[in-house]
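Reading the sequence shown from the start, the letters are residues 1 to 57 in full-length UniProt numbering. Ideal Cβ placement from N, Cα and C applies to all residues, glycine included. As the structure is a prediction and not an experimental result, all values here were calculated from the model. Scroll down for the structure; my scribbles are underneath it.
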Amino acid sequence: MILGEQVPKLYFVSESNISKAQLIAYLSQHLAKYKVPKHFEKVDTLPYTSTGKLQKK
């Protein structure tokens, strides 16, 4: 990694137990190789602002 380089990270919510390999395989079929995140984190819920928009930070 280069200092200052942005590294995409995927936060996701799932009711099923999906493996990292399954997620990478699915994303690889639908995204360009450079757009497939290398880092994944499963979360219970995604944070929303008071206006109902997804909180990005």
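Distance CB(residue i)-CB(residue j) smaller than 7 Å
| i | j | result |
| --- | --- | --- |
| Y11 | V43 | yes |
Close-in-space but distant-in-sequence residues of the same chain around residue i (CB under 8 Å, 5 per side omitted)
| i | result |
| --- | --- |
| L54 | L46, P47, Y48 |
| V13 | K42, V43, D44, T45, L46 |
Beta-carbon proximity list for residue i, same chain, < 7 Å, skipping 5 on both sides
| i | result |
| --- | --- |
| L27 | V36 |
| P8 | P37 |
Task: Cβ pair count under 8 Å reaching 3, the stretch 48–56 against the stretch 5–19 - done: no
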